[in-house]
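**Q**
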Ligand code: NAP
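In the numbering used here, the protein residues as written are 67 to 331.
Encoded structure:
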């Protein structure tokens with residue numbers, strides 16, 4: 067661990083092995099933050115850690131920041147508790163918790179929903195987010211500082227046919243964020259959501275269970291957001307002066323005007 071480790075802010079990012087989480091890890095790393103990166107695919111996290119560290123060596127910047135990775139399934143309370151417990155005390159409280167791990171499954175109408183898909187979505191997007199929040203926030207509250215950002219969605223603002231369960235999960239994330247902001251008000255801990263529209267990540271591939279053609283067609287005729295666009299918004303929210311609390315940023319591609327409204331050429 068480098069000598070100036072403790073002077074650096076630390077970001078704990080769930081779902082850092084792909085998409086928005088991975089791009090956000092890079093955003094903070096390039097600005098000298100320490101990183102705690104969690105996901106189920108540990109090989110992806112190992113590769114990301116290697117790349118980030120190499121980039122700094124190649125650039126000769128050698129920031130002195132540190133990266134801790136762990137194989138965590140946010141649905142598994144024991145896995146979450148153990149990963150946070152194993153983090154050295156010097157890393158706590160983290161400055162930023164980014165609850166990003168999440169997914170959607172299929173596009174079925176609610177009355178035709180697959181119960182296993184429903185479990186996966188609600189267990190990850192809601193209960194997983196709560197599992198992480200429960201272990202990380204008490205240290206922020208004790209220290210009287212810190213920030214929690216939940217990745218919500220346009221689907222946390224409005225519904226669309228076939229999106230009922232995913233929308234329910236993201237409406238739930240918004241409710242959790244609002245309650246948390248009220249609960250943590252006296253304790254100096256800021257809470258917000260970032261709500262993206264369509265982002266070109268592995269999200270659609272996961273939603274359509276590996277059907278690459280169908281996943282690609284989601285973005286036919288429009289330029290979606292890139293993961294880096296969302297990372298920049300998250301970075302902005304996390305680097306405001308201490309007295310500034312951004313409750314929510316809704317960010318969409320130019321070709322989108324709402325959950326189900328896109329303009330294709
Ligand atoms: P992605 O590329 O599929 O990344 C999802 C990340 O979540 C992966 O790193 C995945 O890692 C992780 N994850 C999923 N289940 C997990 C679990 N049980 N435990 C731990 N990590 C888990 O998709 P993305 O677009 O970046 O999604 C990130 C967030 O943005 C999600 O909350 C999503 O709902 C939200 N969002 C996405 C879009 C979009 O259009 N892409 C729009 C609005 C909101 P492992 O598989 O390695 O565990």
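Even glycine gets a Cβ: it sits at the ideal position worked out from N, Cα and C.
Rounded to whole angstroms, what's the CA-CA distance from residue 69 to residue 130? Just pull it up for me.
**A** As a working note, residue 69 is residue 3 in the chain shown. As a working note, residue 130 is residue 64 in the chain shown. Note that residue 69 scores 38 on pLDDT, short of 50, meaning its location in the model is unreliable and no value can be drawn from it.
**Q** So, helix, strand or coil for residue 213, using DSSP?
**A** Stepping through the chain shown from its first residue, residue 213 is reached at position 147. Three-state result, residue 213: strand.
**Q** Please decide whether residue 248 counts as near chain C, where near means a Cβ-Cβ distance under 8 Å.
**A** The structure shown contains no chain C, having only a single protein chain.
**Q** Could you give the C-beta distance for residue 255 and residue 223, rounded to a whole number, given that I count them as a contact under 8 Å?
**A** Looking up residue 255 in the chain shown gives position 189. Looking up residue 223 in the chain shown gives position 157. That pair is no contact at about 24 Å.
**Q** In terms of residue numbering, what span does the beta strand (DSSP E) encompassing residue 259 cover?
**A** In the chain shown, residue 259 corresponds to position 193, counting from 1. Element bounds for residue 259: 256 to 262.
**Q** According to DSSP, is residue 144 part of a helix, a strand, or is it coil?
**A** Against the chain shown, residue 144 aligns to sequence position 78. Note: residue 144 maps to helix in three-state DSSP.
**Q** With respect to 7 Å, is the separation between the Cβ of residue 327 and the closest non-hydrogen atom of ligand 1 below this value?
**A** Start at 1 with the first residue of the chain shown, and residue 327 comes out as number 261. Checking the Cβ of residue 327 against ligand 1 gives no.
**Q** Does the Cβ of residue 169 lie closer than 7 Å to at least one heavy atom of ligand 1?
**A** To locate residue 169, count along the chain shown from 1; it is residue 103. True, at least one ligand heavy atom lies under 7 Å from that Cβ.
**Q** Would you give the residue range spanned by the alpha helix (DSSP H) that residue 240 belongs to?
**A** For the purposes of this step, residue 240 is taken as residue 174 along the chain shown, with counting starting at 1. Per DSSP, residue 240 belongs to the alpha helix (DSSP H) from 230 to 249.
**Q** Output needed for residue 342: all residues of its chain with C-beta closer than 7 Å, excluding positions within five of it in sequence on either side, in chain order.
**A** Nothing can be reported for residue 342: it is not among the residues displayed for the chain, which extend from 67 to 331.
**Q** Evaluate contact between the segment 241 to 256 and the segment 264 to 280, counting only Cβ atoms and requiring at least three cross-stretch pairs below 8 Å.
**A** The answer is no - the segment 264 to 280 does not touch the segment 241 to 256, with fewer than three Cβ pairs under 8 Å.
**Q** Note down the Cα distance separating residue 172 from residue 109, rounded to an integer number of angstroms.
**A** As a first step, residue 172 is located in the chain shown; it is residue number 106 there, counting from the start. As a first step, residue 109 is located in the chain shown; it is residue number 43 there, counting from the start. Rounded to whole angstroms, residue 172 to residue 109 spans 26 Å at the Cα level.
**Q** Considering just the uninterrupted stretch of the alpha helix (DSSP H) at residue 300, what are its terminal residues?
**A** Translated into the one-based positions of the chain shown, residue 300 becomes position 234. Taken as a continuous stretch (DSSP letters only), the alpha helix (DSSP H) holding residue 300 covers 293 to 304.
**Q** Should the segment 276 to 288 be regarded as contacting the segment 82 to 93, the criterion being three or more beta carbon pairs within less than 8 Å?
**A** Flag = no, the segment 276 to 288 and the segment 82 to 93 do not touch.
**Q** Check the C-beta distance from residue 118 over to residue 95 and give it rounded, since I have them as a contact under 8 Å.
**A** Within the chain shown, the letter at position 52 stands for residue 118. Within the chain shown, the letter at position 29 stands for residue 95. Confirmed, Cβ separation roughly 5 Å.
**Q** Where residue 179 and residue 226 are concerned, what is the direct C-alpha to C-alpha distance, given to the nearest angstrom?
**A** As a working mapping, residue 179 is identified with position 113 in the chain shown. As a working mapping, residue 226 is identified with position 160 in the chain shown. Their Cα atoms are separated by approximately 14 Å.
**Q** Please state whether DSSP places residue 197 in a helix, a strand or coil.
**A** On the chain shown, position 131 is the one that residue 197 refers to. Helix.
**Q** If you scan the segment 80 to 126 from start to end, which runs of the beta strand (DSSP E) of 3 or more residues do you find wholly inside it?
**A** Runs found: 100 to 105.
**Q** Determine the burial state of residue 148: buried for a count of at least 16 other Cβ atoms within 10 Å of its Cβ, exposed for fewer.
**A** Within the chain shown, residue 148 is the residue found at index 82, counting from 1. Exposed: under 16 other Cβ atoms inside 10 Å.
**Q** To the nearest angstrom, how far is it from the Cα of residue 103 to the Cα of residue 324?
**A** Numbered from 1 along the chain shown, position 37 holds the residue referred to as residue 103. Numbered from 1 along the chain shown, position 258 holds the residue referred to as residue 324. Those two C-alpha atoms are separated by around 31 Å.
**Q** Assign residue 67 to buried or exposed, taking buried as 16 or more other Cβ atoms, counted over all protein chains shown, within 10 Å of its Cβ.
**A** Here the question's residue 67 lines up with position 1 in the chain shown. Reliability fails at residue 67, whose pLDDT of 41 lies under 50, so the model's placement of it is uncertain and no value is given.
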